[in-house]
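So the protein sequences, as listed, match chains A and B.
Just so you know, we're using the numbering used here here: the first sequence kicks off at 1 and counts up by one.
Just so you know, we're using the numbering used here here: the second sequence kicks off at 208 and counts up by one.
One structure below.
Number of protein chains: 2
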Amino acid sequence: MENWINSRLSGQIAFIAEIDKLKGVLRQSLIMDGSRRENTAEHSWHIAVFAMLMHEYTTEPRPDLNRVIRMLLLHDIVEVDAGDTFAYDAVGYEDKEEREHAAARRIFGLLPEDQRQEWIGAWREFEAGETAEARFANAVDRLLPLVHNYYTGGASWVRNGIVRSQVIRRIAPVETICPPLWRFAMELLDKAVDKGILLEDGAGKRV
Amino acid sequence: MENWINSRLSGQIAFIAEIDKLKGVLRQSLIMDGSRRENTAEHSWHIAVFAMLMHEYTTEPRPDLNRVIRMLLLHDIVEVDAGDTFAYDAVGYEDKEEREHAAARRIFGLLPEDQRQEWIGAWREFEAGETAEARFANAVDRLLPLVHNYYTGGASWVRNGIVRSQVIRRIAPVETICPPLWRFAMELLDKAVDKGILLEDGAGKRV
């Protein structure tokens, strides 16, 4: 966009226009009525609200929910360039980090220097998954797709031949951070296998 | 969804599934590449990030940004039932409040009592527009569609025959809360009129 009042605001407006592209980045999950694939922008909203709901199930001392929300609003912005890498795509994961770091430099690079440092910092913190906030943010980000799959007949599990143990490994971070949600997830996976929308390990395809 | 571990978590999971429907509620704005209308879920993410970017332009004492972000994430949830009411739709506004209050009772009613009270409170605060947080949240929510319109050839202005003074009245809350953004908006409207994507008051249709 043209130069507005000052270059600081110009950069910020360019950034808000650039990240609009997340509305066109498709994930493997379907929206819950099953009608279409979910995009990363609407996911980013949904996961932030989900974190607000699930925060009460974290172990003490609880992560700072405000920092978690901000982290989740920014955590997938790199997908404007790097696209969404499916959680179970081993090949995609090989160069995921490199692709996403280049994307972070370019996209957050539109921001004024101080804001860029802070926002890239939040994204790196999420990726590193070491702080309590990043661990909780990662946990909910891995848990919500189970609910999507449960509501949509296991859409992305079935299409990709995912088995129960893969899902359990994927959501491992939930166990220590949110024990009640871990029990919920295990119960959900039992029901999903019973319904035939998730493959048991070693089982032939059920669908 | 079935009863999970406890009815508290059941209600919260039912809520996260219910609000998934915002991904299917269409707004008048187009996404910035002009390819389709924006939905309310992705808007809710975009506006929360926009508030994070624009907070530095508020007058002192600045609103609490964390409260603003949470308010914006929840502000349009009533649209699951009530739909999006176009900002310049006088007829739609006649019963907007009634429709939205019924929606709030039903949708937030899925939540456990304590969370319901808190979240309905945030939504009511946004609607009332009296606190510094609600005033800023309303200001950015009115400003961002201008940027969408600017990028998409005035899509929702042109389609609905909107003139400059209507836009100015709509964004009036910006002037006192974020003076630099008001100047930006006035400049943007000048350029929009020059480009022929926004009608000048009293002018015949230019398109």
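Ideal placement from N, C-alpha and C gives every residue a C-beta, glycine not left out.
Contact belief for residue 87 of chain A with residue 159 of chain A at Cβ below 8 Å, rounded distance in angstroms: Contact doesn't hold; Cβ gap of about 13 Å is too wide.
N- and C-terminal bounds of the alpha helix (DSSP H) containing residue 363 of chain B: 362–367
Going by alpha carbons, who is nearest to residue 333 of chain B out of B/266, B/217, B/260, B/270? B/270
So with CB distances below 8 Å, who are the chain B contacts of residue 174 of chain A? Residues of chain B passing the Cβ test: none, with the nearest at roughly 13 Å.
Would you please verify whether the beta carbon of residue 303 of chain B is less than 7 Å from any beta carbon of chain A? no
So, do the segment 229–239 of chain B and the segment 278–286 of chain B have three or more beta carbon pairs nearer to each other than 8 Å? yes
Rounding to the nearest angstrom, what Cα-Cα distance links residue 219 of chain B and residue 243 of chain B in this structure? 31 Å
Assuming residue 278 of chain B contacts residue 388 of chain B (C-beta within less than 8 Å), just tell me the rounded distance between them. Not really, about 18 Å apart at Cβ, beyond 8 Å.
Less than 7 Å separating the beta-carbons of residue 342 of chain B and residue 384 of chain B? yes
Proximal residues of chain A, C-beta to C-beta of residue 246 of chain B below 8 Å: 42
Could you tell me if residue 206 of chain A is buried or exposed, where buried requires 16 or more neighbouring beta carbons within 10 angstroms of its beta carbon? Reliability of the predicted coordinates at residue 206 of chain A is poor, the pLDDT of 47 falling under 50, and the value obtained from them is presented with this limitation in mind. It is exposed - the Cβ of residue 206 of chain A has fewer than 16 other Cβ atoms within 10 Å.
Using a cut-off of 8 Å between C-beta atoms, extract the partners of residue 19 of chain A located in chain B. 253, 256
What does residue 33 of chain A touch in chain B if you count any residue whose Cβ is under 8 Å from its own? 227, 228, 231
Determine whether the Cβ of residue 117 of chain A lies closer than 7 Å to any Cβ atom of chain B. no
So, is residue 357 of chain B buried or exposed, given that buried needs 16 or more other C-beta atoms within 10 angstroms? buried
Collapsed DSSP secondary structure at residue 236 of chain B in the structure displayed: strand
Local conformation of residue 183 of chain A per DSSP, three classes: helix
Identify the contact partners of residue 78 of chain A in chain B, using a Cβ-Cβ distance below 7 Å as the criterion. Ordered by position in chain B, no residue passes the 7 Å Cβ test against residue 78 of chain A, which lies about 14 Å from the chain.
CB-CB under 8 Å to residue 191 of chain A, same chain, minus the five flanking residues each way: which ones, in chain order? 150
Short CB-CB distance (under 7 Å) between residue 107 of chain A and chain B: no
Segments of 3+ residues assigned as beta strand (DSSP E) that fall wholly inside the segment 68–100 of chain A: none
According to DSSP, simplified to helix, strand and coil, what is residue 337 of chain B? coil
Give me the Cα-Cα distance between residue 197 of chain A and residue 89 of chain A, rounded to the nearest whole angstrom. 19 Å
DSSP three-state label for residue 422 of chain B, please. The structure shown does not extend to residue 422 of chain B, since chain B is modelled only from 208 to 414, so the question has no answer here.
Closer than 7 Å, CB to CB, is residue 260 of chain B near chain A or not? yes
Within-7 Å CB hit, residue 396 of chain B to chain A: no
List, in order along the chain, the chain A residues whose C-beta lies closer than 7 Å to that of residue 219 of chain B? 53
When the Cα atoms are used, what is the spatial distance from residue 172 of chain A to residue 203 of chain A? 22 Å
Near-chain B residues of the segment 131–158 of chain A (beta-carbon distance less than 7 Å), N- to C-terminal order: 147, 151
Buried or exposed: where does residue 267 of chain B fall if 16 or more other Cβ atoms within 10 Å of its Cβ makes it buried? exposed
Cα-Cα separation between residue 200 of chain A and residue 193 of chain A, rounded to whole angstroms: 6 Å
If contacts are defined as beta-carbon pairs under 8 Å, then residue 51 of chain A and residue 140 of chain A qualify, I think. What distance do you get, rounded to the angstrom? 5 Å
Residues bridged to residue 381 of chain B by DSSP? In the DSSP output, where bridge partners are listed per residue, residue 381 of chain B has none listed.
Does the distance from the C-beta atom of residue 162 of chain A to that of residue 18 of chain A stay below 7 Å? no
Contiguous beta strand (DSSP E) assignments of at least 3 residues, all confined to the segment 32–68 of chain A: 37–39
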